[in-house]
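Novice:
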């Protein structure tokens with residue numbers, strides 16, 4: 001859809017780090033995929049593409065499928081994407097300024113927003129979120145919902161402004177605002 005709208009790349013990552021718009025929306029892939037294929041998906045909410053690699057064969061209600069997972073190399077430190085911590089994707093800048101926004105603007109450097117790979121690492125079941133697909137329909141959440149689930153990591157503290165990212169699921173979970181002006185969530189093991 002972005003390519004049809006005229007997007008060839010997004011520049012919100014910075015002047016020397018344009019991100020090419022490439023890949024599918026992850027709901028469909030070309031027929032005839034093999035285990036050796038590498039797939040590209042475009043995540044509109046993050047203004048970034050991501051590589052998927054073959055992981056395993058799975059069976060879903062009698063249908064044989066190939067499971068592809070995020071390439072772990074995408075979690076390595078990367079100056080272009082302001083990613084300084086291994087395993088955490090920094091999605092602050094493009095989310096704040098839009099696809100062709102100014103990465104130098106004050107809006108680009110507000111509350112830091114990170115996403116972990118895999119998105120459900122250390123996350124226990126939350127009301128309204130299904131790690132393996134929605135119960136009953138098998139549907140998957142979009143990137144925004146996966147990012148929201150990643151915010152609910154065990155024993156994580158966010159600045160007070162991050163409280164606005166809380167969903168109904170977070171309010172039903174064990175979450176509280178601490179006296180230090182931060183949102184803290186600690187899961188028991």
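In full-length UniProt numbering, the protein residues as written are 1 to 189.
Glycine included, C-beta positions come from ideal geometry on N, C-alpha and C.
Treat the numbers as computed from the prediction; the structure is a model and nothing was measured.
1. Please say whether residue 43 and residue 26 have beta carbons closer to each other than 9 Å?
2. Quick one, which of 53, 63 and 60 has its alpha-carbon nearest residue 70's?
3. Residue 35: which of 58, 18, 47 and 49 sits nearest, CA to CA?
4. Compute the Euclidean distance between the alpha carbons of residue 76 and residue 62, then round it to the nearest angstrom.
5. Please determine, among 82, 9, 10 and 65, the residue with the shortest C-alpha to C-alpha distance to residue 33.
6. Cutting at 8 Å between CB atoms, please list the residues of its own chain near residue 88, excluding the five before and the five after it.
7. Would you mind working out which of 51, 78, 30 and 86 sits nearest residue 39, comparing C-alpha positions?
8. Near residue 60, which residues of its chain fall below 7 Å by C-beta distance, leaving aside the five closest residues on each side in sequence?
9. For the beta strand (DSSP E) containing residue 43, name the first residue and the last one.
10. Cβ of residue 67 within 9 Å of Cβ of residue 90?
11. Pick out whichever of 37, 81 and 31 has its Cα sitting closest to the Cα of residue 49.
12. Note down, in chain order, each residue of its chain lying with its Cβ closer than 7 Å to the Cβ of residue 191, except the 5 sequence neighbours on either side.
13. Compute the minimum distance between the beta carbon of residue 49 and the heavy atoms of the ligand MN, and state whether it is under 8 Å.
14. For residue 24 and residue 78, I'd like the C-alpha separation in whole angstroms.
15. When you compare each of 84, 37 and 86 to residue 56 by their alpha carbons, which one comes out closest?
16. Any C-beta of chain B sitting closer than 9 Å to the C-beta of residue 40?
17. Over what stretch of residues does the beta strand (DSSP E) that includes residue 54 continue unbroken?
Specialist: The short version:
1. Within the chain shown, residue 26 is the residue found at index 26, counting from 1. Within the chain shown, residue 43 is the residue found at index 43, counting from 1. A contact, by the Cβ cut-off of 9 Å.
2. As a first step, residue 70 must be located in the chain shown, where it is residue number 70. Considering only alpha carbons, the answer is 53.
3. Your numbering for residue 35 matches position 35 in the chain shown. For residue 35, the nearest C-alpha among the options comes from 58.
4. By one-based count along the chain shown, residue 76 stands at place 76. By one-based count along the chain shown, residue 62 stands at place 62. Going by the C-alpha atoms only, they are around 37 Å apart.
5. Residue mapping note: residue 33 aligns to position 33 of the chain shown, counting from 1. It is 65 whose Cα lies nearest to the Cα of residue 33.
6. Within the chain shown, residue 88 is the residue found at index 88, counting from 1. So the list reads 75, 114, 115 and 116, once near-sequence residues are dropped.
7. The residue labelled residue 39 in the question sits at position 39 within the chain shown. For the residues 51, 78, 30 and 86, the minimum Cα distance to residue 39 belongs to 51.
8. Stepping through the chain shown from its first residue, residue 60 is reached at position 60. For residue 60, where only same-chain residues beyond five positions count, there are no Cβ hits under 7 Å.
9. Along the chain shown, one-based indexing puts residue 43 at 43. Bounds of the beta strand (DSSP E) holding residue 43 are 38-43.
10. Counting from one through the chain shown, the residue named residue 67 turns up at place 67. Counting from one through the chain shown, the residue named residue 90 turns up at place 90. Against a cut-off of 9 Å, the Cβ pair of residue 90 and residue 67 comes out as no contact.
11. Here the question's residue 49 lines up with position 49 in the chain shown. Taking only the C-alpha atoms, the option nearest residue 49 is 81.
12. The structure shown does not extend to residue 191, since the chain is modelled only from 1 to 189, so the question has no answer here.
13. Among the ligands in the structure shown, none appear at all, so the ligand MN cannot be discussed.
14. Here residue 24 is taken as the residue at index 24 of the chain shown, counted from 1. Here residue 78 is taken as the residue at index 78 of the chain shown, counted from 1. Each residue's Cα considered, the two are about 23 Å apart.
15. Locating residue 56 in the chain shown gives position 56, where the first residue counts as 1. Minimum Cα distance to residue 56 is reached at 37.
16. This model lacks chain B altogether, as it is built from one protein chain only.
17. Taking the chain shown and counting its residues from 1, one reaches residue 54 at position 54. In the DSSP assignment, residue 54 falls within the unbroken beta strand (DSSP E) covering 48-60.
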